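Participant: For what it's worth, my numbering labels the leading residue of the sequence shown as 84, then goes sequentially.
Quick reminder that beta carbons are idealized off the backbone N, C-alpha and C, glycines included.
These figures come from a predicted structure and were not determined experimentally.
I have a structure here, written as structure tokens, and I will follow up with some questions on it.
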Amino acid sequence: EIRKKLQECTELENQQINRMDILKFQINELETADIKLGELEALKERKAVLESAEKLNDAIAIISGSELKETDFMSELESADSKLSKLSGVSQEIGEFYERLSSAVLELKTLRMDAKKLNDRLDFSPEELEKVQNRLDFLHTLMRKYDGDEQHLINSVSDFKNELDEISINSNRKIEYENQLVVIQNE
Numbered sequence: 084e085i086r087k088k089l090q091e092c093t094e095l096e097n098q099q100i101n102r103m104d105i106l107k108f109q110i111n112e113l114e115t116a117d118i119k120l121g122e123l124e125a126l127k128e129r130k131a132v133l134e135s136a137e138k139l140n141d142a143i144a145i146i147s148g149s150e151l152k153e154t155d156f157m158s159e160l161e162s163a164d165s166k167l168s169k170l171s172g173v174s175q176e177i178g179e180f181y182e183r184l185s186s187a188v189l190e191l192k193t194l195r196m197d198a199k200k201l202n203d204r205l206d207f208s209p210e211e212l213e214k215v216q217n218r219l220d221f222l223h224t225l226m227r228k229y230d231g232d233e234q235h236l237i238n239s240v241s242d243f244k245n246e247l248d249e250i251s252i253n254s255n256r257k258i259e260y261e262n263q264l265v266v267i268q269n270e
């Protein structure tokens, strides 16, 4: 009976040697890929931003004021705001108009500051776009290869490791059976 189990383990082990090589390759490939949950969507968004960077920079430059020439619209609005603040008590209608203008000027100042900050973060480089595109292509290749999404790829690493452990357990059983057979033969 032990000889039969030993023979079964030997046959199974021979079949599993190739599977072990495949599993080790797959584990290494997925661990090296260092896939993060949500990475695909973040990369798609970054790609869209980078592809639109020139248009975004133009629009933001106008908002932030760096494209304004002779007349600065904000300066004119601030001047009107200052003049109306002195007249806001003349009538309720002028007071309400001043409040609206003051609120709009404050919002425009905030938008202008936010636009400057956004413009500073929108550094476009063709190298970054290429890097993002390459990473997206790589992730899509892995998802096609392993037939799943990011979560599936992440889970596959532990699944492959578990399968590899099972194969190792079979190898250990073979060693146990070999030792038992030696004991029996020595008796």
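Which same chain residues end up closer than 7 Å to S171 when comparing Cβ atoms and leaving out the 5 residues on each side of it in sequence?
Facilitator: I177, G178, Y181
Participant: With a 10 Å radius around its C-beta and 16 neighbouring C-beta atoms as the bar for buried, classify F243 as buried or exposed.
Facilitator: buried
Participant: Check D206 in the structure and name its three-state DSSP category.
Facilitator: coil
Participant: Leaving aside the five residues before and after V188 along the sequence, list all residues of the same chain whose C-beta is less than 7 Å from its C-beta, in chain order.
Facilitator: L160, E161, D164
Participant: Specify, as a first and last residue, the run of the alpha helix (DSSP H) that L170 falls within.
Facilitator: 156-170
Participant: With a cut-off of 8 Å on the beta carbons, I'd call L120 and E233 a contact; round off their distance for me.
Facilitator: 6 Å
Participant: Pull up the CB-CB distance for N140 and L205, whole angstroms please, since I reckon it's below 8 Å.
Facilitator: Contact flag correct, Cβ pair sits at about 6 Å.
Participant: For the region 111-129 against the region 214-222, are there 3 or more C-beta pairs whose distance is under 8 Å?
Facilitator: yes
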